[in-house]
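Heads up: take any position in the sequence shown, counting from 1, add 105, and you land on my numbering. Even for Gly, the Cβ is constructed at its ideal location relative to N, Cα and C. Since the structure is predicted, the reported quantities are computational estimates derived from the model, not experimental observations.
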Amino acid sequence: MRIDAIEVREIRFPLRERFEISSGYSEKRRILLVRLHADGETGWAECVAGEDPGYSYETTDTAWHILAEFLIPALLGAEVTEPADVERLLAHVRGHPMAKACLEMASWDLEGRKRGLSLAEALGGSGEPVPVGVSVGLQKSDDLLVEKVGEFLAAGYRKIKLKIKPGRDVEMVRAVRGAFPEAPLMVDANSAYTLADRERLAEMDDLDLLMIEQPLAHDDLHRHARLQETLQTPICLDESIRSAGDAELALELGSCRIINIKPGRVGGIGSSRRIHDLCRARGVPVWCGGMLESGVGRAFNIALATLPGFTIPGDISASRRYWERDIVDPEFEVFDGMMTPPAGPGIGVTPDQRRIDRLTVRVERWPRMRA
Ligand code: NPG
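Have a look at this one:
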């Protein structure tokens, strides 16, 4: 198929509640939605880059720039027979996996729709409901956090991730563990610690945590390996893993025992599957992370999480956890901690065009119209 038109738009999408992590907070997402057109069919995807460069160097604005100036010109008019062709066409651009991922992912939606296959089927996943978890941002007090965790456990979520940072860690997590002795808990530091904090981090070993996610710097596999040697609790890497190559190196070095795969962070679905396959061959569990995606991005995450190596519940929560009203129909729901991947072709949910238009603040289409 020939990619004959591409659209990028930015929507401003307010979260139902502020989401705070160690490096900052998010209240209103600035999400890029892309649409690829080929042979009369459309494929949708979303870019997970954030408003600021606290999680990654990529932001909504750098992604727009890289898409408009470099990636879209390389893809527009190209003949594409499978999503791997899209990866190849974009490979000359160094880095920027979030900007690249949205084009690659849109090509999976396009292909699924053309072939009449759901994303889960196209990926070789099961299509069965999968257990999911929820990520809880930093709260004003431990009491508030305990209350929130209680609500999510009551809603059936199968894993609870607590955000931590220096000054809001061991005592806070101990309060939650005290209130819920059996709960499947993990913590995520988003790189807020250094190796000098190793004794503090080792105090977490008594709290029966599934894992400690990304304690150290995003670009420091070596010190993660040194930290892992001193901890009983498995380290999970997120920000450090942007490709299958990174994953391989991290496992060789012993930097982690679990990997968080976010398709939007690692360059797309093909790269996610390569990381999954590598980890599965080595018996390393993976799970699907989240980037506060709209329903468009969520559809990819839930389909990916049906692959057999995803043995730990992902950060894939119901639409209602994030938005007053999602931009897809139907919205994503969680029953008894399980989410069902959509069965329809491609992402299997319908973007609500009227609602998307109302949230849009800028849109550009290629080929560009001449003045
Ligand atoms: O449920 O989508 C979700 C949010 C999961 O905690 C979550 N994401 O570091 O993994 C993370 C964190 C994050 C969110 C990071 C937004 C950056 C931006």
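Secondary structure of residue i, DSSP reduced to three states
i: R199; result: coil
i: A183; result: coil
i: G484; result: Since the displayed the chain opens at 106 and closes at 476, residue 484 lies outside it and no answer follows.
i: P119; result: strand
i: E156; result: coil
i: D109; result: strand
i: A173; result: helix
i: P236; result: strand
i: S212; result: helix
i: L138; result: strand
i: I265; result: strand
i: S246; result: coil
i: E146; result: strand
i: E163; result: coil
i: S231; result: coil
C-beta atoms of residue i and residue j nearer than 8 Å
i: I265; j: V241; result: yes
i: R135; j: E115; result: yes
i: G98; j: Y160; result: Nothing can be reported for residue 98, as the shown portion of the chain is limited to 106 through 476.
i: A280; j: S127; result: no
i: L290; j: L267; result: yes
i: W392; j: P418; result: yes
i: I366; j: S348; result: no
i: E156; j: L137; result: no
i: V185; j: M106; result: yes
i: G230; j: T411; result: yes
i: V237; j: F257; result: no
i: E216; j: P188; result: yes
i: L499; j: L228; result: Because the chain in this structure spans residues 106 to 476, residue 499 falls outside the shown range and cannot be described.
7 Å CB neighbourhood of residue i in its chain, flanking five on each side removed
i: R121; result: Y427, W428 and E429
i: D434; result: V454, T455 and D457
i: V251; result: A280, V281 and A284
i: L87; result: Residue 87 is absent from the structure shown; the chain starts at 106 and stops at 476.
i: V191; result: L180, V185, L208, E209 and S212
Own chain residues within Cβ distance below 8 Å of residue i, not counting five before or after
i: L464; result: I116, R117, F118 and I432
i: R273; result: L243
i: I177; result: I111, V113, L208 and W471
i: R123; result: Y130, S131, E132 and G242
i: H197; result: A179
i: H327; result: L358 and S360
i: A168; result: L137, C152, A154, H201, M203, A204 and C207
i: L195; result: L176, A179, L180, K205, L208 and E209
i: R218; result: E146, T147, G148, P450 and G451
i: G255; result: A284 and F285
Own chain partners of residue i with C-beta closer than 6 Å, once the 5 adjacent residues on each side are dropped
i: E436; result: S424
i: V153; result: M203, G369 and M396
i: E438; result: A423
i: P92; result: A query on residue 92 cannot be resolved here, the shown segment of the chain reaching from 106 to 476 and no further.
i: R403; result: F437
i: A225; result: G232, A408, T411 and P446
Test: residue i CB closer than 8 Å to a CB of chain C
i: T445; result: The chain labelled as chain C is not found in the depicted structure, where only one protein chain is given.
Taking 8 Å as the threshold, find out whether the stretch 203 to 222 comes into contact with the stretch 356 to 375 through three or more Cβ pairs. Touching, per the Cβ criterion.
Touch check for the stretch 164 to 178 and the stretch 299 to 317: three-plus C-beta pairs under 8 Å? The answer is no - the stretch 299 to 317 does not touch the stretch 164 to 178, with fewer than three Cβ pairs under 8 Å.
Suppose only complete runs of 3+ residues qualify. What are the beta strand (DSSP E) ranges in the stretch 271 to 299, listed by chain order? Counting only runs of at least 3 residues, the stretch 271 to 299 fully encloses the following beta strand (DSSP E) elements, listed from N- to C-terminal order: 290 to 293.
Can you list the alpha helix (DSSP H) stretches of 4 or more residues lying completely in the stretch 389 to 461, in chain order? Every unbroken stretch of the alpha helix (DSSP H) spanning 4 or more residues and falling wholly within the stretch 389 to 461 is given here in chain order: 400 to 409 and 424 to 427.
Which complete alpha helix (DSSP H) runs does the stretch 298 to 370 hold, if anything under 4 residues is left out? Whole alpha helix (DSSP H) segments, 4+ residues: 303 to 307, 326 to 335 and 349 to 358.
At a cut of 8 Å, does the stretch 339 to 354 reach the stretch 315 to 324 through at least three beta carbon pairs? Output reads yes: the stretch 315 to 324 touches the stretch 339 to 354.
Report yes or no: do the stretch 324 to 336 and the stretch 283 to 293 share at least 3 C-beta pairs separated by less than 8 Å? Per the Cβ contact rule, the stretch 324 to 336 is not in contact with the stretch 283 to 293 (fewer than 3 Cβ pairs under 8 Å).
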